[in-house]
Amino acid sequence: MKTLMFLITLSCSLHAVADAMIVKQVPVTPTQTVSLFNGADFSGWTQVITAEPGSDPDKTWTIVNGVIRCTGKPFGYLMTQQSFANYTLKAEYRWYAQTEQMNSGIFVLKTGPDTFFLPKAIEAQLKKGSAGDFVLLSQATVNGLENPKHKSVKKMAESSEKPDGEWNSVEIVVKGDTVTVSVNGVLQNKGHSAYTEAGAICLQSEGGAIEFRNITVGPVR
C-alpha cells in the first residue's frame, strides 16, 4: 500500500511528503460488479494520513480476518488509485469498538490534489446517528450548495443504522452528476448537480474504530 504522509507544524501549515497525483485520471465506468478489496492486502489503494506526534500511521489501517480495520487515528483516508464514473458502490461497515468519536465516512468524486484529512469530495457520512448525511468537503458542491455556508446536507429519513457491532450496508450510486446514498436499504439522501461526475473513492479515518468489508463497484441499475 502506498502512503502519503502530511506533517503538521505548530503553525498548522501542511507539508506533503509527495504531492504528485496518484489517481488514474481517466475514469472507469464499471460494466460488471468487481471487488475493490481482495481481502488480503491493500492493492489498488493509497493511504493519505497525518503524521501526528506519538501516532503510528502504519497501524491506522490493517486487515483482520479479511476485513479492513481502521483505528480512526490519526485522521486521513484510504483512497482508490482508480477514478470512477457512473457506478454503484456497495460496502458493509460496523463499529468494532466504542470510541469517543464514532465517526467515519465514504468519500466519492474525490478530485484534485491529496490534502491532509479533507480532500475535495462529497462525503457520505457514516457518523453514528448521522449515516446518510452528505458532507461537502473543500469547495465540493451539490444541489447548488457549497461548504462552508452549507457544510452538510441532512439525510431524508430517520436513522436506519443497526446497533453498534452489527454490520450495516451502504449503497452509493453515482449517475452523471447525481449521487444517492442508502443505508440498510433505506434511501437517505439524493444530491444533484454535483461539481464533477468522476473521481476516486475513499474510506475515512476520523476517530471511529470501524471495519469495512464487501466493497464493490458495479454498473448503475
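In the working numbering, the protein residues as written are 529 to 749.
The beta carbon of each residue, even a glycine, is placed where N, CA and C say it ideally should be.
L731 to G719, Cα distance in whole Å? 20 Å
Classify F534 as buried or exposed, calling it buried when 16 or more other Cβ atoms lie within 10 Å of its own Cβ. Low local confidence applies: a pLDDT of 47 at F534 is under 50, so the model's placement there is unreliable, with the coordinate-based value given in what follows. That one is buried.
Length of the line joining the Cα atoms of N712 and P641: 32 Å
May I ask you to list the residues that DSSP assigns as paired with Y624? DSSP, once it has assigned bridges, lists no residue as partnering Y624.
Would the beta-carbon of T588 fall within 8 Å of that of G567? no
My output table needs one value for P641: the three-state DSSP class, helix, strand or coil. In the structure shown, P641 sits in coil (DSSP, three-state: anything other than H, G, I, E or B).
6 Å CB neighbourhood of K656 in its chain, flanking five on each side removed: M630
What distance in whole Å lies between the Cβ atoms of T627 and A726, which are believed to be in contact at a cut-off of 8 Å? Going by Cβ atoms, the distance from A726 to T627 rounds to 33 Å, so no, they are not a contact pair.
Would you kindly check if the distance between the Cβ of G633 and the Cβ of Q609 is under 8 Å? no
For S611, count the other beta carbons within 10 Å of its own beta carbon; 16 or more makes it buried, fewer makes it exposed. Which is it? buried
Does DSSP put P691 in a helix, in a strand, or in coil? In this structure, P691 counts as coil in the three-state DSSP scheme.
Can you name, in chain order, every residue of its own chain whose Cβ lies under 7 Å from the Cβ of N671, other than the five neighbours on each side? V681, G719, H720 and S721
Thinking C-beta only, is E739 closer than 8 Å to V595? Yes. Within cutoff.
Taking only three categories from DSSP, how would you classify M549? Residue placement at M549 cannot be trusted, given a pLDDT of 49 that sits under 50; what the coordinates show is reported in the next sentence. The answer is coil: DSSP assigns M549 none of H, G, I, E or B.
Using a Cβ distance threshold of 8 Å, determine whether the region 695-707 contacts the region 577-586, with at least three qualifying pairs required. Between the region 695-707 and the region 577-586 there are fewer than three inter-stretch CB-CB distances shorter than 8 Å, so the stretches are not counted as touching.
On a CA-only basis, which of T578, M607, V562 and D569 is nearest V592? Give me that one, please. D569
Once DSSP output is grouped into helix, strand and coil, what is the label at A648? The displayed chain sequence assigns Lys, not Ala, to residue 648. Reduced to three states, the DSSP call for K648 is strand.
With distances taken Cα to Cα, identify the nearest neighbour of E734 among P555, W623 and A685. In terms of CA proximity to E734, W623 leads the group P555, W623 and A685.
DSSP three-state label for K679, please. coil
Buried or exposed, going by whether 16 or more other CB atoms sit within 10 Å of the CB of E651? buried
With 16 other Cβ atoms within 10 Å as the buried cut-off, status of L542: Note on L542: pLDDT 29, under 50, position unreliable in the model; no value is reported.
Classify L731 as helix, strand or coil using the three-state DSSP reduction. strand
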